[in-house]
Every structure is written in C-alpha cells, then in structure tokens.
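There are 2 protein chains.
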Amino acid sequence: MARATAASDVYNAIAEPRRREIFELVCVGERAVGDVADTLGMDQPSVSKHLKVLREVELVKVRRDGRRRLYSADPSALEPVEAWVAKCERLWTRHLDAIEERAERMARQRADRTGGRTT
Amino acid sequence: MARATAASDVYNAIAEPRRREIFELVCVGERAVGDVADTLGMDQPSVSKHLKVLREVELVKVRRDGRRRLYSADPSALEPVEAWVAKCERLWTRHLDAIEERAERMARQRADRTGGRTT
DNA sequence: TTGACATATTCCGATCTCGGAATATATTGT
DNA sequence: ACAATATATTCCGAGATCGGAATATGTCAA
C-alpha cells in the first residue's frame, strides 16, 4: 500500500496549501472557477482539479449557472478536524491535570511527615 | 514540482491516520516507542518513522531515558490548524450574515412599496 | 450551425509516500 | 568485551501526488 488519496478524507484534502486558499475564497461567497483562478493567480485546469477534490470530501458544493459553475463552501465538513484537534487538547490538559494532582498529593504527604512544617 | 513532504507542515503530518493515532496516545502521556507500537499494533520501525515526522513539525518532543526514548506531545503545534478552521468558519458566517442582511433590506423595501401590508 | 466562452478531463513526468524487511546505532547489565 | 534490549535508519516497490500542456465537454448567442 502507498499514500492515501487526496480525496480520501478531509485531512488529506486540506493538506494542500492551494486547496486551502481556494476553500477560504469560497467561504466568503459563491465563486465561478475562472473567478477563483484569476483571484488566486492559478490556471483554470488546476483550480478545477482542486475543486474536484474539495467536492469529493464535500467541502464545497456546485451549482450550475449558464455556462459557469458556481462553487460554494460547506465548512461543516471541517468538523471532524475541529473535533480531533479539540480531543487532543482535552487529552493533553487532562494529562497536565493529572500531573498537577500528583504533585499536590506528594506535597500533602510531605507536609504530613513534617507535621505541617513548610521548610 | 510534485507533492509536498509529510514533514513539510502540520497539515501534511496529520493527514496520516496512524500518525493521528500515535499523537492521540502521546497526548495522554509520555510513551516509549515500543509501548506505542504494542498499544497500537504497529511495528516498531513504522512507529519510529511516524514519530520522526511528528517531531519534525514539532508535534512531539523526545527525551532520553536509558535505552528508551520517551515521546510527549506538544499540542500547541496544532494551533495553525485550529486557527485556519476558525477563520473559515468566521468567513462563512460573515457571508451568511451578509445574505440575511440583504434579505432583510429587500423585505423592508417591499414593505415600503406595499405600505406595510404583509401579504 | 457555428463560434466563443467556461469548465472538466486526460496524459505526462518528477517526486514523495507508506509499509516491510533488513540493518545500523545506542545503551545497559554481566 | 559481549549479549540483550530499544530505537533509528536504509533500501525497496507499488501507488499517489501536483503542475503543465493539450484536449474534451458543455452552454450560450448570433
């Protein structure tokens, strides 16, 4: 097995800087492909390909408007990422709390042994 | 040019599911490589390589303990990701607000034309 | 229908990926 | 010094990447 596909999940999709740029732009409001290309200075096929990936992980939606296609964002697809980051931080602070608690317990023990003397 | 390196930034580093697993584990508390390998059912070289990537983007730190190496997390390295997600959501809600505001403006216009009649 | 415009798709090549196996490097205990 | 243990590194191959160029598809307008 090798590396995962860019469109296999949100994490891989947003690993690309240009894809993040495109997504930011589309968060501001619905945009046509050429519009995105002009704004970000990329060429059209590249933008189309990136948008395809974003579409496959449902970060964006498409709508037809004549000969154009208007893309808009669906940031709810970022939720797994947000949730994972939050989880890691929760685990981490829980870990810090445990360390602190242990330190306090040891301090109490020491206080008991010394009969309340601080030094 | 081709694809970016896994260790080129945090986004690429966390794109790997196994790397996310390892990171979660290390968030809970300092762990030795073999410990991680046993817990997650991966083999040691694989874990070492993933940890190397995580180290290069500063998601983890290492400390020597005899012949072992103890890895611990530094979730502050996830901040760029958190910030980017937040930014996108901010842009998005701002966009929704603008739409809503426009709708209200149009409703007011209509109310003016109809002299206050609702239907 | 034909042409202009907007977008999508395909093909290419250099490069990176990840897992697996083998091997190298450290450190400890005897 | 030597064996055992813990970890890191290297080499390999199948597969996926991204940009670029060329081309295909689709839609409107005259």
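Which chain is which? The protein sequence lines are F and X, in order. Start counting the first sequence at 1; every next residue gets the next number (our numbering). Start counting the second sequence at 1; every next residue gets the next number (our numbering). Ideal Cβ positions, reconstructed from N, Cα and C, are used throughout, including at glycine.
Item to check | Listed by chain order, chain F residues near isoleucine 14 of chain X by CB distance under 7 Å | outcome: One-based indexing of the second sequence puts residue 14 of chain X at position 14. Within chain F, the residues near isoleucine 14 of chain X are Tyr11.
Next on the checklist: Measuring alpha carbon to alpha carbon, tell me which residue in X/Ala103, X/Gln109, X/Cys27 and X/Ala15 is nearest histidine 95 of chain F.
Outcome noted: What you label residue 95 of chain F is simply residue 95 of the first sequence in a count that begins at 1. Closest option to histidine 95 of chain F, Cα to Cα, is X/Cys27.
Item to check | From X/Arg3, X/Val53, X/Lys87 and X/Glu24, residue whose alpha carbon lies closest to that of alanine 73 of chain F | outcome: Residue 73 of chain F sits at position 73 when you count from the first residue of the first sequence. Of the listed residues, the one whose Cα sits closest to alanine 73 of chain F is X/Lys87.
Item to check | Separation of aspartate 35 of chain X from alanine 2 of chain X, as counted between CA atoms | outcome: In the second sequence, counting from the first residue as 1, residue 2 of chain X sits at position 2. In the second sequence, counting from the first residue as 1, residue 35 of chain X sits at position 35. Using only the alpha carbons, I get a separation of about 35 Å.
Checklist entry - With 8 Å set as the bound, which would you pick, yes or no: does the beta-carbon of proline 75 of chain X sit closer than that to a beta-carbon of chain F? => result In the second sequence, the residue the question calls residue 75 of chain X occupies position 75. By this cut-off, proline 75 of chain X is an interface position.
Checklist entry - Per the contact definition of three or more C-beta pairs closer than 8 Å, is the stretch 10–23 of chain F in contact with the stretch 9–20 of chain X? => result With three or more CB-CB distances shorter than 8 Å, the stretch 9–20 of chain X counts as touching the stretch 10–23 of chain F.
Next on the checklist: In whole angstroms, give me the CA-to-CA distance for leucine 70 of chain X and valine 57 of chain F.
Outcome noted: Counted from its first residue, the second sequence places residue 70 of chain X at position 70. Counted from its first residue, the first sequence places residue 57 of chain F at position 57. Straight-line measurement puts the Cα of valine 57 of chain F at about 36 Å from the Cα of leucine 70 of chain X.
Checklist entry - Of all Cβ atoms in chain F, is any one closer than 8 Å to the Cβ of leucine 78 of chain X? => result As a working note, residue 78 of chain X is residue 78 in the second sequence. So yes, leucine 78 of chain X belongs to the interface.
Next on the checklist: Could you check whether the Cβ of glycine 41 of chain X sits closer than 8 Å to any Cβ belonging to chain F?
Outcome noted: Looking up residue 41 of chain X in the second sequence gives position 41. It does not: the Cβ of glycine 41 of chain X has no partner Cβ on chain F nearer than 8 Å.
Item to check | For valine 60 of chain F, the first and last residue of its enclosing beta strand (DSSP E) | outcome: Translated into positions along the first sequence, residue 60 of chain F becomes position 60. That run of the beta strand (DSSP E) goes 60–65.
Item to check | Close-in-space but distant-in-sequence residues of the same chain around alanine 7 of chain X (CB under 8 Å, 5 per side omitted) | outcome: The residue you call residue 7 of chain X lines up with position 7 of the second sequence. Ala13, Lys52, Val53, Glu56 and Val57.
Checklist entry - Hey, how far is the Cα of serine 76 of chain F from the Cα of alanine 83 of chain F? => result Working through the first sequence from its first residue, we reach residue 76 of chain F at position 76. Working through the first sequence from its first residue, we reach residue 83 of chain F at position 83. When rounded, the distance between both Cα atoms is 11 Å.
Item to check | chain F contacts from the stretch 23–40 of chain X (Cβ-Cβ distance under 7 Å) | outcome: Flagged, chain order: Phe23, Glu24, Cys27, Val28 and Gly29.
Checklist entry - Would you report the Cα separation of valine 122 of chain F and valine 33 of chain F, rounded to the nearest angstrom? => result The requested residue 122 of chain F does not occur in the structure, where chain F is confined to residues 1 to 119.
Checklist entry - Looking only at C-alpha atoms, which of X/Glu21, X/Asp65, X/Thr5 and X/Arg90 sits nearest to glycine 41 of chain X? => result Within the second sequence, numbered from 1, the residue matching residue 41 of chain X stands at position 41. Taking only the C-alpha atoms, the option nearest glycine 41 of chain X is X/Glu21.
Checklist entry - Excluding five sequence neighbours on each side, which residues of the same chain lie with their C-beta closer than 7 Å to the C-beta of threonine 39 of chain F? => result Here residue 39 of chain F corresponds to residue number 39 of the first sequence, with the count starting at 1. Non-local C-beta neighbours of threonine 39 of chain F in its own chain, meaning closer than 7 Å and more than five positions away in sequence, comprise Leu25, ordered along the chain.
Item to check | Residue from X/Arg31, X/Val81 and X/Ala98 whose Cα sits closest to the Cα of glutamate 30 of chain F | outcome: On the first sequence, position 30 is the one that residue 30 of chain F refers to. Of the candidates X/Arg31, X/Val81 and X/Ala98, the one whose C-alpha sits nearest the C-alpha of glutamate 30 of chain F is X/Ala98.
Item to check | Closest Cα partner of valine 85 of chain F within the set F/Tyr11, F/Thr5 and F/Asp43 | outcome: Translated into the one-based positions of the first sequence, residue 85 of chain F becomes position 85. The candidate whose alpha carbon is nearest that of valine 85 of chain F is F/Tyr11.
Item to check | Contact set between histidine 95 of chain X and chain F, taken where Cβ atoms lie within less than 7 Å | outcome: For the purposes of this step, residue 95 of chain X is taken as residue 95 along the second sequence, with counting starting at 1. Going along chain F in sequence order, the residues near histidine 95 of chain X (Cβ under 7 Å) are Cys27, Val28 and Gly29.
Item to check | Cα-Cα separation between alanine 107 of chain X and glutamate 100 of chain X, rounded to whole angstroms | outcome: As a first step, residue 107 of chain X must be located in the second sequence, where it is residue number 107. As a first step, residue 100 of chain X must be located in the second sequence, where it is residue number 100. Straight-line spacing of the CA atoms in alanine 107 of chain X and glutamate 100 of chain X works out to 10 Å.
Checklist entry - Quick one: what's got a C-beta closer than 7 Å to tryptophan 92 of chain X's C-beta in the same chain, skipping five residues either side? => result Translated into positions along the second sequence, residue 92 of chain X becomes position 92. Nothing listed; no residue qualifies.
Item to check | First through last residue of the beta strand (DSSP E) which encompasses alanine 73 of chain X | outcome: Translated into the one-based positions of the second sequence, residue 73 of chain X becomes position 73. Residues 68–73.
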